[in-house]
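**Q** Just dropping this structure here.
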Amino acid sequence: MGSCACDHCTAACCRYVAIPLDKPKSAKDYDDMRWYLMHDGVIVFVEEGDWYIQFQTRCKNLGLNSMCQVYETRPMICREYEAGECDYTGGDYGYDHLFTHPVQVEEHYNQKTGKHLPSIEHLHKRTTSPKRKKRATAAVS
Ligand code: SF4
Ligand code: SF4
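In our numbering, each residue carries its 1-based index in the sequence shown increased by 65.
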């Protein structure tokens, strides 16, 4: 009997949910994305121009032996997913962008617009305001 890649994998494809995300347009969209990434197990990625949010979460139907416990009635999305170009055998994902930390979103927004996100703009102002610099200088002398 032939061997399948799935026989050697611990079901990488059954341990997350990836959902399409509207492409962020406004500062609020980017700020919301910062919030998503403040949560454990959440990443955002862009693949072939399409944006996705991914939640690292194990399917409840995955048995301890890494086998599907509802194989006969598994959803279509599972049926259509094939070993070959999959999470285990596909190699590098080749994302256009991968965001795993809120700071990466801030940097991306800053690069795109030349501005800081409004939620952190006041921090930037505070650390660069002349008043603060003066006080810091006074403290040193
Ligand atoms: S399809 Fe790929 S990721 Fe999913 S169980 Fe098979 S080898 Fe693993
Ligand atoms: S239903 Fe089965 S095949 Fe689909 S994600 Fe869950 S364990 Fe994997």
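Backbone N, C-alpha and C fix where the C-beta goes; we use that ideal spot for every residue, glycine too.
Spatial neighbours of D115 within its chain, please: CB distance less than 7 Å, with the 5 preceding and 5 following residues excluded, ordered by chain position.
**A** In the sequence shown, residue 115 corresponds to position 50, counting from 1. P85.
**Q** Give a single yes or no on whether N126 has its beta carbon closer than 7 Å to a heavy atom of ligand 2.
**A** Within the sequence shown, the letter at position 61 stands for residue 126. Yes, Cβ of N126 sits closer than 7 Å to a heavy atom of ligand 2.
**Q** Closer than 7 Å to a non-hydrogen atom of ligand 1 - does that hold for the CB of Y153?
**A** Looking up residue 153 in the sequence shown gives position 88. Within the cutoff, so yes.
**Q** Report the three-state DSSP secondary structure of Q169 (helix, strand or coil).
**A** Taking the first residue of the sequence shown as 1, we reach residue 169 at position 104. Helix at Q169.
**Q** Report yes if the CB atom of P167 is closer than 8 Å to the CB atom of R99, and no otherwise.
**A** Here the question's residue 167 lines up with position 102 in the sequence shown. Here the question's residue 99 lines up with position 34 in the sequence shown. In contact: P167 and R99 (Cβ atoms closer than 8 Å).
**Q** Please report the distance separating the alpha-carbon of V247 from that of Q121.
**A** Because the chain here runs from 66 to 206, residue 247 falls outside it and cannot be looked at.
**Q** Please identify the residue among A148, G159, Q119 and D97 whose C-alpha is closest to the C-alpha of Y174.
**A** Walking along the sequence shown from the start, residue 174 turns up at place 109. Per the Cα distances, D97.
**Q** Ordered along the chain, which non-local residues of its own chain (more than five positions away) have a Cβ less than 7 Å from that of Y211?
**A** The chain is shown from 66 up to 206; residue 211 falls before or after that span and cannot be answered.
**Q** Under 8 Å by Cβ, that's how I've got L163 and F110 pegged, so tell me the actual separation to the nearest angstrom.
**A** As a first step, residue 163 is located in the sequence shown; it is residue number 98 there, counting from the start. As a first step, residue 110 is located in the sequence shown; it is residue number 45 there, counting from the start. Correct: roughly 5 Å between the Cβ atoms.
**Q** Note down, in chain order, each residue of its chain lying with its Cβ closer than 6 Å to the Cβ of R80, except the 5 sequence neighbours on either side.
**A** As a working mapping, residue 80 is identified with position 15 in the sequence shown. Excluding sequence neighbours, R80 sits near R123.
**Q** So the alpha helix (DSSP H) Y81 belongs to, where does it begin and stop?
**A** For this step, residue 81 is matched to residue 16 along the sequence shown. Not the alpha helix (DSSP H): Y81 falls in the beta strand (DSSP E), residues Y81 to L86.
**Q** Run the CB neighbour count on Y95, radius 10 Å, all protein chains shown included, and call it buried at 16 or more, exposed below.
**A** Translated into the one-based positions of the sequence shown, residue 95 becomes position 30. Y95 comes out buried.
**Q** Kindly provide the ranges of any beta strand (DSSP E) runs that are 3 or more residues long and lie completely inside the region 107-194, ordered along the chain.
**A** 107-112, 115-121 and 162-164, all fully within the region 107-194.
**Q** Closest to S260 by CA distance: which of I108, H181 and A148 is it?
**A** No statement about residue 260 is possible, as the shown extent of the chain runs from 66 to 206 and does not include it.
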